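Peer 1: Just passing along the structure, written as structure tokens.
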Amino acid sequence: MTILRKIVPAPLSTAALVVIWVVLARSARLEQFLLGLCFGVVIPLATARLSPRARVGRPLVVARYVVTVGYDVVVSCFQVAKGVVVSPWRLPRARFVVVPLELRDDVGLAALAMVTTIVPGTVWSELSIDRSAMLLHVWDVVDEESFVAHFKKRYEAPLKEIFE
Amino acid sequence: MTGGPLWAEAVAAVLLVTSGVFVMISAFGFVFLRDFFLRMHPPALAYTLGSWSVAIAGVVTFSLLDSSLELHPWLVMALLAVTVPVTTVLLARAALFRQRQARAPDVPAPLGRLGPR
Amino acid sequence: MTLLSAATAFALGCYAFGSALVLVRLVRGPRAQDRVLALDLLYFHGMLTMLVLGIRHATDTYFEAALLIALLGFVSSSAMAKFILRGEVIE
Amino acid sequence: MEALLALVIGVLGGAGVWLVLRPRTFQVILGLALLSYAVNLFIFSMGSLFIDKAPLVIAGVPADLDHYTDPMPQSLVLTAIVIGFATTALFLVVLLASRGMSGNDHVDGTNEDA
Amino acid sequence: MYLAALLSLPFAGSLVTALVPTKARTVLAGIASAVALLTAASFGALFSRVRAGGVVSERITWLPSAGVDLVFRLDGFAWMFALLVTGIGALVALYARYYMSPEDPVARFYSSFLAFMGAMLGVVLSGNLVQLVLFWELTSLVSFLLIGYWYHRADARRGARMALTVTGAGGVALLGGVVLLGRIVGSYDLDVVLRAGDVVRAHPSYPVALVLLLLGAFTKSAQFPFHFWLPRAMVAPTPVSAYLHSATMVKAGVFLLARLWPVLSGTELWFWAVGGTGLVTLMLGAYAAMFQNDLKRVLAYSTISHLGLITLLFGLNSPLAAVAGVFHIMNHGTFKASLFMAAGIVDHETGTRDIRRLSGLLTAMPITGGLALVASAAMAGVPLLNGFLSKEMFFAETVFLSSHPVVELTLPVAATLAGIFGVVYSLRFGYQIFVGPAATDLPRRPEEPPRWMRVPVATLVLACLVVGIAPETSIGPSLATAARPVVGGTLPDYDLAVWHGLNAPFVMSLVAIGGGAALYRLLVKQQRHGRFSDPPLVDALNGRRLFESALVRSTRLARAALRIVGPRGLQTQVFAIIAVAIVLAVLSSRDVPLVWGSRERVPASPAFAIFWVIGMICAVGAAVKAKFHRLVAITMLGGAGLMTCLTFVWFSAPDLALTQVAVEIVTTMLFLLGLRWLPMRVPGLPHRRSLRDRARRARDLLLAIAAGSGLAALSYAMLTRPAPGSISPFFLARALPQGGGANVVNVMLVDFRAFDTIGEITVLGAVALTVFALLRRFRPAKESIDPPEQQSAVPADPETDLVRPRAGDKAAGGYLMVPAAIARLIMPVALLVAMHLLLRGHNEPGGGFVAGLVVAIAFLLQYVMAGTQWVEARARLLPARWIAVGILLAVATGLGAIVAGYPFLTTHTAHVRLPSIGLVHLPSAAVFDVGVFAVVVGATLLLLTALAHQSLRARRARATRRGGGA
Amino acid sequence: MTASPAHLFVLPIVLPLAAAASILLFGERLRRFVSFLSIGFSVAGLAVALEIARWTARAPHAVGVYLAANWEAPFGIVLVVDRLSALMLVLSGVVSLAALVYASAGWSRAGVYFHPLFHIQLMGLNGAFLTGDLFNLFVFFEVMLAASYGLQLHGSGWPRVRTGLHYITVNLLASSLFLVGLAVIYGVTGTLSMADVAANVALVPAVDHGLLHAGAAILAVAFLIKAAIWPLNAWLVPAYSAATPPVASLFALMTKVGVYTLLRLSTLIFSSDAGVSARFGAPLLLCGGIATIVFGTTGLVASLRLGRIAGFAIIVSAGTLVATIGFGDVALTAAALFYLVSATLGASALFLLVELVERRDGGVDPAPEPDEVVLVDEDTNLDDAEAPLVGRAVPFSLALLGFAFMASALVVAGLPPLSGFVAKLGLLDALAAAATAAGAAHAAGAWTLFGVLLLSGLVATVALARAGVQHFWAGVARPPARLKLAEGIPVLGLVLAFTLLTVHAEEVLRFTTAAAEGIYAPKVYIDAVLSAKPLPGPTRPNVEAEGRP
Ligand code: NA
Ligand code: NA
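Protein chains in written order, with this note's numbering: chain X, 55 to 218; chain Y, 6 to 122; chain Z, 20 to 110; chain D, 3 to 116; chain A, 423 to 1388; chain H, 4 to 552.
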């Protein structure tokens, strides 16, 4: 078991690489799987010292989170699109919002940044040096406090579960 | 062009049109909104729906073409989700910095150390 | 002209026109961050164009170029952003 | 479209030449970069230009220049791109060295504006 | 090879003396004299073979295809000259032993002296005209070394250079003349040339050839207007002057006139050119000599005059005159050498050469004085001395010449006048310094020199006397032998008697001596009153001055011209290059109008039309913004690059598109890294540009438009003409079956044209090494060492995320925390994609190059986001090693083919059957591609990280500065 | 046709590349060992070049063809060896060996990576001489240039960087022009193999002649820049005189690559068989060459520093060579090739000497002699101190330097008795023949060149004498130079080389005459290249059945 641990220190990463390889190769033949596995093992080993040390748990939470974000992206897309179209007549109520954070993990915070970026309507603008808060620019917000609460519950909490 | 069934072609066509429309809207917003932070929002439309619909159209088209599931266009989607934030985060931070330097109005103060020490 | 080729033509047209709009920001600015974002968007439109051309011609040939933009296209624009912020790309 | 492409090559080349003639090193390096785009496109345009006929051999398709784009200019451009990249990098560093040693960024190391 | 051996004797002596201890004067002089004597004796022994017009000839083949062999040819004339050269050489070598200072390291002197003797002998013995030129130039060179022997003195350097310049110029002309003459005759062989006089004189190129040859002869023999170098050459040690200006160097010119006399003389042109020059030189030299106050300069001008006399004699187109010329060559050599040596003794003993200070030396040095008086009498043409004889023959020639009446009238008068002048300067040299009251204020107290120093002078003076008294018996046979070849084999009638009766020539001699004595009195009187210390009237004709000012002016003029035609500014050079390219391209195609072809056009695409317009706007925008808004210009450049890339995609060039994308990214990074070190440039207030500035911009704009239009027109013409019968189908047909890959472009890169690729990666490697080497010595400008504005603007508040986002090699924090985390996530994926591109390249778009770039970019991303120290603490990249390994892999792949018996870089494919996978094809081209990959990774990383390291160094520099300041 | 020896022809390219890579593997450690390794490779390279020359000398008009990667022309890249290329290879072997030995005495340590860059430069040079493919020529030009940039900048410092910037810019422009010209030629003829282009050029349809000529003209400009033809040569003297001596010495060969290429392509592609394109550009080459000689001569007059003089001497020699190409005359070309060898060796030696001489001057520019700048009166005593009439002893090292300098100067100025004189004689003789031949087409040009050559030789003599006097004579008070053995050997080696060249002038002339005859009969070359067959082999089963599709 320890030998396997040594060879495959990050099984998730290895798995992801194998999947990406097979998808890229556009072929599900055995040789591609083996080749993918080969790279999936070698690359994490080679870049071990350059790679993040992330513990990722709770696969179910991950799946649910991905679906949530995906759904939110689509919905927000239409909202922001509409806002853009009507912007010549009515500007959105955009403002900066400070969101206090409990998440501390590097990768978790990176994931949060990804989420805020890909979900239209929010722009990650600043992170306090002690990671205790972030500054978001929000496209259209009426009530700052409820937005913060909504944001923390919907996006931060699951990440905390996953990464910590 | 493609040998796939019409429905698939229709799905792909709709997705492509969607992509085009969203890209147009995002570009429109990017050009005509007057505040930089406002302008940072519309590109997200293109980064997300604009590309996702193309990726799905690609998956549909290629899968039918090769009569096997071809997921590689999806890879573009996934990679974009990871990489796009880097530029956005840095650019927003840079804009904030420059606006603070210029002492522009309506710029929030630096966050500094907010939480409990 | 099939449905799909019409749709791809439309999409390509949108990307091109969108790029032309973005070009306005690239040329006019006003600030450097606008231009960097504009370049990032241009790259993104270019990537979409490659993907759609691939769909239009039913070929995988251009996919890798698009993949490369998706994977590493951000490097130059984020380096520019960092340059704006710090005046130095690699510290 | 041929005329437009030719125009593109001309404009890239012209802008490059204009910049190469300028007195600041940075202008010159940008000019060289633009010039290399122009030259690469120029070489590229020597082959027969086709849409969707990449030189990736498909069994059963006749191997001639009616069914594939000419691979030769492509391979030449590929080499030219690489060499262009290398020389641009080199020029940049020499430019920096010159800037560091002369204290200014004039191509002749003199500080007069021209 | 008797002659060759004889000729090599002085050269061998030269080598030997060069190796002897420098101050062994006696040994050195002994060697030199012995060599000269031995050679002279050996030549003397050959008298019987040349006496009756015989010719001794030897040939060493050297350049038969150019018609040039080393031919050593001794006829009577050469024999006489060889004796003169070696005989006087022996005497001078002996004399120099006593003349040169004991402190002088004379090995160099004797070595050069013997080399000169050899060169001069070479001229004399040449049986091939080219060979003659060869030795001729050698005499110029060695005389340069001899005249400049005391090169620590500025006048020695100057005199030597002037002599070399003038005689070298003559040598060049001579070479031209010889080549022409050879072309006219069809051979350089002297025997052939000497027989071809009629052909030569009738040839249309004769005048040109003659002028060139005469230029050679006249410069060497110091003929007007090239005479000025000779007085300057008096800075040489006196033995050198005695040798060069009596029997050797300057005699080479008249030797040439005599040597080619049968071929070239006999024409009007010859008469006027040679005779005229000789006459002018004769008069001018004699006239100027009268007024000189330096002993050696009197001799120098008299030498000029006597050479003019000899030249005049050869120019008279009369065989009798030519004989007189030959005779005077001998006589002048004898008395002039003795006079120079006497002058040297005077200088040596008294410490001065100033005639005005010297007087009555006869009491202090009676023997030397007597010898000098006799020799100067010979120079003056006093009867019973050898100078009288040849001068008499000359007078006779002037009297009996039949030519134009004016010439017939003026020539005797001029000759007499020259004779008068000659008497005057001879008196000044001899009478003025030796007779009269003894001088009292000399630097040194004069006494007789060592005996062996007088012996050479005495020997020569004896010769003057013997010849002067009994010419027919003493010199008659030798003169006949020497003169016969000069006049073409048949000697004219002449009589060498001392007394021919009271005829016109004798009267002329008397007039000359009497008039000379009178004029001398007059001159001395005038000079006592301080007048005529410079020669009147001829100052305006000062050739030396003209020559020197010409040299100085030409240097200045050349520099001015160079500033115009060889500008050092880069912009002008670039302008010239582009303008020349445009002009030549237009000129070469002007006969054929540019015709647009009729190839089927590409279907229009509005989208790409827009993209291209964007590309053009970006290009123009980059051009406009490059001066003040560099970052903007870079973004614009990126836009243009992207459009180029899309063009590749649209026109079916996936590999190009891939590569272009990757290169774009790296290039942008590169520019950004460089931007840090460039000076801030802010657009000042809109100032009015100067007119010149605006004109230059307009000019540049026009050129840019011309270049752009040219390129556009050329590409449009190419785009529309029907495709030629290209070689490309070959590649399309063979890529898969024989190259083993479906991606033809890649197969071309790694197989068909792998040789290009090996060069290409070498370029990349070389550039990376260069950049690394250069940046190791990089020294940023002072203001660039300071942190960029943005960093110093950050408030000194540690609470912001912008301050020190990382400490040393700790992971990034602050504003970089998120980007760095994402960058780390991307890393493995990027490497995987790189492997994907590398492995599929042979069949699909991809390949080692783009894969390498992807890896490099992935690492650079880490540098950007996490910082140099963090990355380098975790990964030893060793880029140079990557380059080396990559190139070696590529080379090994190529050599593998050789091992297998095929040409370098031939691809092989290994077919491996693996369990449960089946047949796997492993083409060697894949290994080659891995080599490419490694080089690209190494080179790109080396390039960019070397730049990145500069920021660290600047920080370190700041730290030391602060530390030093504190 | 003699059978080509296996793989010999590729060695001049592979050997230096392998040298560069293996030296690079050692990094900057083991400097002594690396120096020996480097020199060893260079000696091997010279041996290979000599062997190739021997091979070409064996058969009259021998043309050896090497199919790199086993693909036949015009499809693959071929290396072609004839006497001309063999001559150039030997020359590059000699010059590079001398420069390398010299550099190993110390200059190689003025910066990093000297040896790898040096060998890469050598690879580029040799490749340019060998390749039979236009684009491959471009690649080898780039290899050569890329390394030359590094070598030119070797040791860094402001003069090198400033001139290097110009040098690089100009060469990058030249490369762009090269590519444009090459692309047009490919577009018109559909091929890149020089032999195939030559074979097809007569068949180019009339409407395309304008394009072909425009392309050729643009291509020619690229080579003219490299050959340092006026007005495209202002970069040369500053760049060369700023470079370290061994590098400048090697660079003496670089302009000759431009000349070689012009000669090769003009004789091959625009031969007398090329129909309307026959002898395209010849008058231009003549005029440009003469203008260049005049320019270089002017420079010689203007220059006092030895480095600049050597640079202008290179320009003069390049002008001379290019002008002779304009005549298209066998005898003249033969003489010109001899001249090429001689002038290159001379200039190389001069560049090596520059530093040894100027080191004596303590790196300070020599003060001009008084009469350099102002006229002095006849009676002005130029010796302030009334220097005594006692000669100075010359230390051995200085004597050696002086001797070597004089020998090199003789060669450069074309004075007897060394090879420069033979070369000049040959040129003049051939020019006179060309001018006086019945119905001579370029009599005026020939006479002009004749005169210009004579004059430039004279000016070179004067300039070199002036410089020599300045450096060796004027500064007697300065301490003598300390000469290292490794610096003396290559200098004397070059002197020996041109002495040998003089002694064996007949053999060399015969060789160059055969070379000239060969290049003016390009059919042999073309046939040899186009008829070379690949080995039937691993992937080439049925070679005989293949032809041009
Ligand atoms: Na967002
Ligand atoms: Na093969």
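Note that CB positions come from ideal geometry on N, CA and C, so glycine has one too.
None of the values given here were measured: they were computed from a predicted structure.
#1: Is the stretch 10-28 of chain H in contact with the stretch 1328-1336 of chain A, if contact means three or more CB pairs nearer than 8 Å?
#2: Give me the residue from A:Ile-1279, A:Val-1255, A:Pro-432 and A:Trp-1034 with the minimum Cα distance to Leu-6 (chain D).
#3: By DSSP, does Tyr-709 (chain A) sit in helix, in strand, or in coil?
#4: What did DSSP end up calling Glu-31 (chain H) once you bin it into helix, strand or coil?
#5: Name the chain Z residues that come within less than 7 Å of Asp-54 (chain D), Cβ to Cβ?
#6: Any C-beta of chain H sitting closer than 8 Å to the C-beta of Arg-1262 (chain A)?
#7: Can the beta-carbon of Ser-760 (chain A) be found closer than 8 Å to that of Val-877 (chain A)?
#8: Measure from the C-beta of Trp-484 (chain A) to each C-beta in chain H and report whether the shortest distance is under 8 Å.
#9: Applying a beta-carbon distance threshold of less than 8 Å, which residues of chain X neighbour Ala-1243 (chain A)?
#10: Closest to Ala-100 (chain Y) by C-alpha separation, out of X:His-191, X:Phe-205 and X:Glu-85, would be which residue?
#11: 8 Å is my cut-off, CB to CB: does Leu-1224 (chain A) come that close to chain Y?
#12: Measuring only between beta-carbons, confirm whether Ala-97 (chain Y) sits less than 8 Å from chain X.
#13: Which residue marks the beginning of the alpha helix (DSSP H) containing Pro-865 (chain A), and which one marks its end?
#14: Which residues in the same chain as Leu-289 (chain H) place their Cβ atom closer than 6 Å to its Cβ, once the five residues preceding and following it in sequence are excluded?
#15: Using a cut-off of 9 Å between C-beta atoms, extract the partners of Ala-113 (chain H) located in chain D.
#16: Would a C-beta distance cut-off of 8 Å place Thr-703 (chain A) and Gly-730 (chain A) closer than the cut-off?
#17: How big is the Cα-Cα spacing for Gly-366 (chain H) and Val-357 (chain H)?
#18: Can you tell me where the alpha helix (DSSP H) holding Ala-1188 (chain A) begins and where it ends?
#19: Entirely within the stretch 724-778 of chain A and at least 4 residues each: give me those alpha helix (DSSP H) ranges in chain order.
#20: Taking the alpha carbon of Pro-868 (chain A) as the reference point, which residue from A:Thr-725, A:Leu-780 and A:Ile-569 has its own alpha carbon closest?
#21: At what residue ranges does the stretch 651-683 of chain A contain a whole run of the alpha helix (DSSP H), taking only runs of 4 or more?
#22: By the three-class DSSP mapping on this structure, what secondary structure does His-574 (chain A) have?
#23: Going by the CB atoms, is the gap between Ser-896 (chain A) and Val-888 (chain A) shorter than 8 Å?
#24: Quick check on Glu-814 (chain A): buried or exposed, where buried means 16 or more other Cβ atoms within 10 Å of its Cβ?
#25: Could you spell out where the alpha helix (DSSP H) holding Arg-469 (chain H) opens and where it closes?
#26: Do Leu-795 (chain A) and Phe-856 (chain A) have their CB atoms nearer than 8 Å?
#27: What does a CB cutoff of less than 6 Å around Ala-1218 (chain A) pick up in its chain, not counting 5 residues either side in sequence?
Peer 2: So, to answer that:
#1: no
#2: The option with the nearest alpha carbon to Leu-6 (chain D) is A:Trp-1034.
#3: The answer is helix: DSSP assigns Tyr-709 (chain A) an H, G or I state.
#4: coil
#5: Correct list: His-76 and Thr-78.
#6: no
#7: With a cutoff of 8 Å on beta-carbon distance, Ser-760 (chain A) and Val-877 (chain A) are scored as not near each other.
#8: So yes, Trp-484 (chain A) belongs to the interface.
#9: Pro-106, Asp-160, Val-161, Leu-163 and Ala-164
#10: X:His-191
#11: yes
#12: Closer than 8 Å to some Cβ of chain X, the Cβ of Ala-97 (chain Y) qualifies, so yes.
#13: That residue, Pro-865 (chain A), is in no alpha helix (DSSP H); it is neither H nor E in DSSP.
#14: Ala-326, Gly-329 and Gly-448
#15: Within chain D, no residue comes near Ala-113 (chain H); the closest Cβ sits about 15 Å away, beyond 9 Å.
#16: yes
#17: Only weak support exists for where Gly-366 (chain H) lies, its pLDDT of 48 falling under 50; the value from the coordinates is given anyway. Taking the straight line from one Cα to the other gives about 11 Å.
#18: 1176-1198
#19: Fully enclosed alpha helix (DSSP H) runs of 4 or longer: 741-772.
#20: A:Leu-780
#21: 651-654, 660-666 and 671-681
#22: coil
#23: yes
#24: Label assigned to Glu-814 (chain A): buried.
#25: Going by DSSP, Arg-469 (chain H) is part of the alpha helix (DSSP H) stretching over 446-471.
#26: yes
#27: Note that Ala-1218 (chain A) scores a pLDDT of 49, beneath 50, so its modelled location is shaky; the value from the coordinates is reported in the next line. Spatial neighbours of Ala-1218 (chain A) in its own chain (CB-CB distance under 6 Å, excluding positions within 5 residues in sequence) are not present.
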